Amino acid sequence: MIEVSHLTKEYHGRPVIRDLSFTVEDGQICGLLGPNGAGKSTIMNILSGYLSPGEGSVTISGHSLPQEAREARRCIGYLPEIPPLYPDMTVQEYLLFAAELKKIKASERREQVLRAARRTGLEDVMPRLIRSLSKGYCQRVGIAQALLGSPPIIILDEPTVGLDPAQVIEIRTLIRELARRHTVILSSHILSEVQAVCDKILVLSKGELAAEGTPEQLSQKLGAQEILHVTALGSRDTVLSAVQAIPGLEEVQLEPSGGEGEVSLTARCAAGGDQRAAVSRALAEAGCTVIALTSEARSLEEIFLALTARAPGSGGEAPAADESDASGEKEE
1 MIEVSHLTKE YHGRPVIRDL SFTVEDGQIC GLLGPNGAGK STIMNILSGY LSPGEGSVTI
61 SGHSLPQEAR EARRCIGYLP EIPPLYPDMT VQEYLLFAAE LKKIKASERR EQVLRAARRT
121 GLEDVMPRLI RSLSKGYCQR VGIAQALLGS PPIIILDEPT VGLDPAQVIE IRTLIRELAR
181 RHTVILSSHI LSEVQAVCDK ILVLSKGELA AEGTPEQLSQ KLGAQEILHV TALGSRDTVL
241 SAVQAIPGLE EVQLEPSGGE GEVSLTARCA AGGDQRAAVS RALAEAGCTV IALTSEARSL
301 EEIFLALTAR APGSGGEAPA ADESDASGEK EE
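Mapping the sequence shown onto the working numbering, position 178 (from 1) lands on 178, and the numbers just tick up by one.
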């Protein structure tokens, strides 16, 4: 299990992670979803032990960071967004080298490498130079090195970035297979990516948790919202007042109207459900004839963009992606 409690991390005096708390249960596939600058890579670098936590606590399989960093690292297999591959090595040479770096016993290295290669579909390319491999196979090599040592937790940073559609499907299938034996955390800025493979999603916006839940829960909670489009005859103030008085409607906004005496507006149904009958009744009681009244579902993509654009508590600061850590790497 991974437990993060009230985590805050700063770069050069500016917080890029703000009071973040979440848990990941054993065997889950958890997705960190957010645009560039949301804090995904910082979180993964902290979980993998590359960065120390600021304020708050982080526990990996019962080991606290940074106090028990060595023990925690043994529980983690990590694939950065750009896999640290050596193009002039063969796949087998690289994986044996990675096994040595992980201090796997010499007597066990070859068997562990072969096992990781089988699980990631690399058996046929083991003698090939890494520079001759496609992007998809390079990702597989990176995942294979993360599996060495049989860590219970696998962390994948943007595992499908730069892949073609067929390769994306292959890596998604591989991630689902990994979840049979490992807890998997992956980051992405693509909504469909995490929806396709994750049991749990954490939506991040500039270092804060904007929403969390299963894909189904997020779909039900966020995708149920409806946008109403209303056109009625009457004065602008009368139509606007009648609609604004209806409970459960938010963000009532006037729109350009098509004719004289017509008033057009849009409104969001905060509580979900169909509010067209309530709008029609309220306008009729106010003496305003309804000319058009339609509704449309708000897509999850729109909800994601709205959540990640709000950046609560940011105070108008520049995106975290503008900040670099001491090693010169940019936060994403």
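Ideal placement from N, C-alpha and C gives every residue a C-beta, glycine not left out.
This structure is a prediction, so every number in the text was calculated from the model and none was measured.
Taking only three categories from DSSP, how would you classify P84?
Three-state result, P84: coil.
Pull up the distance between the alpha-carbon of K40 and that of E208, whole angstroms please.
CA-to-CA, the gap between K40 and E208 works out to about 10 Å.
Just to confirm the assignment, what range does the beta strand (DSSP E) spanning S5 have?
Element bounds for S5: 2-11.
Can you list, in chain order, the residues of its chain whose CB lies under 8 Å from that of G261, leaving out five sequence neighbours each side?
L233, G234, listed in sequence order.
DSSP bridge partner residues for V197 (one or two, in chain order):
DSSP output for V197 lists no bridge partner at all.
Three or more beta-carbon pairs under 8 Å between the stretch 185-199 and the stretch 18-33, yes or no?
By the Cβ test, the stretch 185-199 is in contact with the stretch 18-33, since at least three Cβ pairs between them sit closer than 8 Å.
What did DSSP end up calling Y50 once you bin it into helix, strand or coil?
In this structure, DSSP gives Y50 a state outside helix and strand, which the three-state scheme calls coil.
Contact the stretch 47-57 vs the stretch 112-121: 3+ CB pairs below 8 Å
Output reads no: the stretch 112-121 does not touch the stretch 47-57.
For a test of the three-state rule: what should DSSP assign to T289, helix, strand or coil?
Looking at T289 - three-state DSSP - the assignment turns out to be coil, as it is neither helix nor strand.
Can you grab the Cα-Cα spacing for the pair Y78 / R236, in whole Å?
Using only the alpha carbons, I get a separation of about 58 Å.
For L254, which of helix, strand or coil comes out of DSSP?
Residue state for L254 is assigned as strand, using DSSP reduced to three classes.
Please list, in chain order, all residues of the same chain as E111 whose beta carbon is under 8 Å from its beta carbon, the five residues on each side excluded.
Taken in chain order, the list of residues that qualify is empty.
Simplified DSSP assignment, three categories, for C30
Three-state DSSP puts C30 in a strand.
Looking at the unbroken alpha helix (DSSP H) that takes in G142, where does it start and where does it end?
135-147 is the span of the alpha helix (DSSP H), which, as asked, contains G142.
Per-residue DSSP class, three states only, for R214
Before going further, note that residue 214 is Thr rather than Arg in the sequence given. Coil at T214, not helix or strand.
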